[in-house]
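Trainee: Dumping the structure here so I can ask a few things about it.
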Amino acid sequence: MEDTLTKYFSGELNRAEEMTMFLQMKNDEQLRQEYIRLQNIYALTRLAPDPKQESEGKEGFSTFTRRMNEKKRQRRMRFLLQYAAISLLLIASTFFLTRALTLPSTSTTEMNTLYVPAGQRAQLTLQDGTQVWLNAQSTLTYPARFNRKQREVSVIGEAYFKVAENRKKPFIVTTQQLTMEVLGTEFNVYSYPQSGYTRTSLVEGSLMVSETGKNNKPVLLSPDQQATYCENVIKLEKLHNPEHLLWREGIYAFDNERLIDILSKLELYYDITIQVEDPEIFNVCYTGKFRQRDGIDEILHILQKIQSFKIRKIREDNLIILSR
């Protein structure tokens with residue numbers, strides 16, 4: 083799989099191969115960590131405004147990918163890692179990215195990818211001024227520079243977009259199930275493959291939603307509406323709880339939701355498996371808000387005070403078991 087990562091960062095994978103790699107990454111912790119490490123090093127090669135430094139950084143990265151399977155790669159990359167140490171710590175700890183990652187590029191087709199690990203969030207500003215927030219275990223693929231006709235990105239996971247208005251260049255967001263097109267607006271996209279559905283919620287402006295890869299007539303959303311795609315059907319409804327969108331501020335909000343649905347989201351957000359031995363626990367509904375930084379343990383302890391259940395952790399299996 084290391085060869086696949088090398089090809090990915092060299093731009094040799096097609097879109098289908100990239101999607102396959104990211105899906106595999108969700109179940110392979112070692113692959114995910116290797117990807118994050120490579121991604122951070124690659125990002126650092128583009129942070130330096132001095133063309134000479136940028137060239138040196140890219141050359142160093144190329145050297146890294148050629149030697150990544152050799153036993154002595156850490157010693158040979160010592161200079162690059164020392165050069166990048168301070169910035170690398172900043173990126174790895176905060177995952178808060180800005181325009182620095184979208185410096186002008188000589189190639190309009192060069193694609194960038196940002197993956198956010200479990201328990202983290204990310205924010206970045208695209209080349210056109212559009213702001214994007216990414217939730218935990220989410221991936222955004224976007225060009226270094228948009229072309230003259232449209233602005234297109236793709237998402238796996240959850241993302242919030244505040245699109246810079248440009249009536250001559252529509253902004254298009256593609257997921258596995260839905261494609262959304264806007265000119266300038268704010269909306270949220272929820273599209274984790276494990277969830278079995280895709281949902282987009284409109285905050286401001288207007289939004290056209292259609293099935294990805296099909297020529298069906300698009301659905302037009304107005305503010306405070308959401309469209310949910312499940313079992314080949316797009317359902318349009320009112321946005322009942324806007325507080326669900328507070329995740330970009332580090333707050334997870336639940337409004338009369340069943341425990342089974344809450345646990346499914348917590349598994350995604352914190353990359354952990356939660357097993358319930360007593361199915362009756364699933365039917366209890368909860369309303370509340372939690373801070374992302376509180377962590378899975380604190381959230382479960384708060385839920386435990388509302389409906390009594392026991393919590394058992396098996397750390398070596400990354401597993402939490404709930405029972406009466």
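In my numbering, the protein residues as written are 83 to 406.
Ideal placement from N, C-alpha and C gives every residue a C-beta, glycine not left out.
1. To the nearest angstrom, how far is it from the Cα of Leu220 to the Cα of Thr257?
2. Under the three-state reduction of DSSP, which class applies to Leu87: helix, strand or coil?
3. Out of Lys251, Leu303, Gln209, Lys347, state which residue places its alpha-carbon closest to the alpha-carbon of Ser273.
4. Taking the straight line between their C-alpha atoms, what separation do you get for Gly239 and Gln276?
5. Out of Ile393, Val285, Met103, which has the shortest C-alpha to C-alpha gap to Ile378?
6. Can you tell me where the alpha helix (DSSP H) holding Gln386 begins and where it ends?
7. When we look at the beta-carbon of Arg373 and count the other beta-carbons within 10 Å, is it buried (16 or more) or exposed?
8. Comparing alpha-carbon positions, which option in Phe243, Asn194, Asp353, Phe104 lies nearest Leu216?
9. Sort out for me which residues DSSP pairs Met103 with in a bridge.
10. Taking the CB atoms as reference points, tell me whether Gln307 and Leu284 lie closer together than 7 Å.
11. Let's test the definition: count the other Cβ atoms within 10 Å of the Cβ of Val271 and tell me whether it reaches 16, buried, or not, exposed.
12. Would you kindly report the start and end of the unbroken alpha helix (DSSP H) that includes Leu289?
13. With distances taken from CA atoms, which of Asn297, Asn314, Ile333 is nearest Ile381?
14. Could I get the ranges of all uninterrupted beta strand (DSSP E) runs contained in the segment 270-332, with 3 residues as the minimum, in chain order?
15. Please classify Val315 as buried or exposed, where buried requires at least 16 neighbouring CB atoms within 10 angstroms.
16. Does the distance from the CB of Leu46 to the CB of Phe391 come in under 7 Å?
17. Which of the three DSSP states, helix, strand or coil, is assigned to Leu170?
18. Taking the Cβ atom as the reference point for each residue, do Val264 and Val235 lie within a distance shorter than 7 Å?
19. With distances taken from CA atoms, which of His383, Leu260, Gln106 is nearest Tyr311?
20. Kindly list the residues whose CB is nearer than 7 Å to the CB of Glu286, restricted to its own chain and excluding five residues on each side of it in sequence; keep chain order.
21. Out of Arg330, Phe336, Asn365, Tyr224, which has the shortest C-alpha to C-alpha gap to Met193?
22. Considering just the uninterrupted stretch of the beta strand (DSSP E) at Lys347, what are its terminal residues?
23. From the DSSP output, read off the bridge partner residues of Gln115.
24. Tell me, to the nearest whole angstrom, how far the beta carbon of Ala241 is from that of Tyr351; I am working on the premise that it is less than 8 Å.
25. Which residues in the same chain have their Cβ closer than 7 Å to the Cβ of Leu302, if we skip the five residues on either side of it in sequence?
26. Counting only the same chain and skipping the five closest in sequence on each side, list residues whose C-beta sits under 7 Å from that of Asn365.
27. So which of Arg249, Lys320, Lys299 has the shortest CA-CA distance to Thr282?
Mentor: Quick answer:
1. Taking the first residue of the sequence shown as 1, we reach residue 220 at position 138. Taking the first residue of the sequence shown as 1, we reach residue 257 at position 175. Reading off the sequence, residue 220 comes out as Ser, not Leu. Whole-angstrom Cα-Cα distance: 12 Å.
2. Mapped onto the sequence shown, residue 87 falls at position 5. Leu87 falls in the helix class under three-state DSSP.
3. Taking the first residue of the sequence shown as position 1, residue 273 is located at position 191. When each option's Cα is compared against that of Ser273, the closest is Lys347.
4. Stepping through the sequence shown from its first residue, residue 239 is reached at position 157. Stepping through the sequence shown from its first residue, residue 276 is reached at position 194. Those two C-alpha atoms are separated by around 9 Å.
5. Indexing the sequence shown from 1 puts residue 378 at position 296. When only C-alpha atoms are compared, the closest one is Ile393.
6. What you label residue 386 is simply residue 304 of the sequence shown in a count that begins at 1. Its alpha helix (DSSP H) spans residues 377-388.
7. As a working mapping, residue 373 is identified with position 291 in the sequence shown. With fewer than 16 other Cβ atoms within 10 Å, it is exposed.
8. Numbered from its first residue, the sequence shown carries residue 216 at position 134. The candidate whose alpha carbon is nearest that of Leu216 is Phe243.
9. Counting from 1 along the sequence shown, the entry for residue 103 is found at position 21. Paired residues: none, contrary to the question.
10. In the sequence shown, residue 307 corresponds to position 225, counting from 1. In the sequence shown, residue 284 corresponds to position 202, counting from 1. Going by C-beta atoms, Gln307 is nearer than 7 Å to Leu284.
11. To locate residue 271, count along the sequence shown from 1; it is residue 189. Buried, since its Cβ has 16 or more Cβ neighbours within 10 Å.
12. Position 207 of the sequence shown, counted from the first residue, corresponds to residue 289. No alpha helix (DSSP H) holds Leu289; the beta strand (DSSP E) holding it covers 289-293.
13. One-based indexing of the sequence shown puts residue 381 at position 299. Among Asn297, Asn314, Ile333, the Cα nearest to that of Ile381 is on Ile333.
14. 280-286, 289-293, 301-303, 307-312, 315-320
15. In the sequence shown, residue 315 corresponds to position 233, counting from 1. Burial call: exposed.
16. No answer is possible for residue 46: it lies beyond the span of the chain, which begins at 83 and ends at 406.
17. Within the sequence shown, the letter at position 88 stands for residue 170. Bear in mind that the predicted position of Leu170 carries a pLDDT of just 37, short of 50, making it unreliable; the figure below should be weighed with that in mind. Note: Leu170 maps to helix in three-state DSSP.
18. Here residue 264 is taken as the residue at index 182 of the sequence shown, counted from 1. Here residue 235 is taken as the residue at index 153 of the sequence shown, counted from 1. No, the pair does not count as a contact, with Cβ atoms beyond the cut-off.
19. Translated into positions along the sequence shown, residue 311 becomes position 229. The shortest Cα separation from Tyr311 among His383, Leu260, Gln106 belongs to Leu260.
20. Indexing the sequence shown from 1 puts residue 286 at position 204. So the qualifying residues of the chain are Thr267, Glu268, Pro305.
21. Within the sequence shown, numbered from 1, the residue matching residue 193 stands at position 111. If we check each option's Cα against that of Met193, Tyr224 comes out closest.
22. Indexing the sequence shown from 1 puts residue 347 at position 265. Counting along the chain, Lys347 falls outside any beta strand (DSSP E), though it belongs to the alpha helix (DSSP H) covering 341-352.
23. As a position in the sequence shown, residue 115 is number 33, starting the count at 1. Answer is none; Gln115 lacks a bridge partner.
24. Numbered from its first residue, the sequence shown carries residue 241 at position 159. Numbered from its first residue, the sequence shown carries residue 351 at position 269. About 14 Å; that fails the 8 Å criterion.
25. Start at 1 with the first residue of the sequence shown, and residue 302 comes out as number 220. Counting only Cβ-Cβ distances below 7 Å, and skipping sequence neighbours, we find Ser288, Met290.
26. By one-based count along the sequence shown, residue 365 stands at place 283. Taken in chain order, the residues that qualify are Arg340.
27. Numbered from 1 along the sequence shown, position 200 holds the residue referred to as residue 282. For the residues Arg249, Lys320, Lys299, the minimum Cα distance to Thr282 belongs to Lys320.
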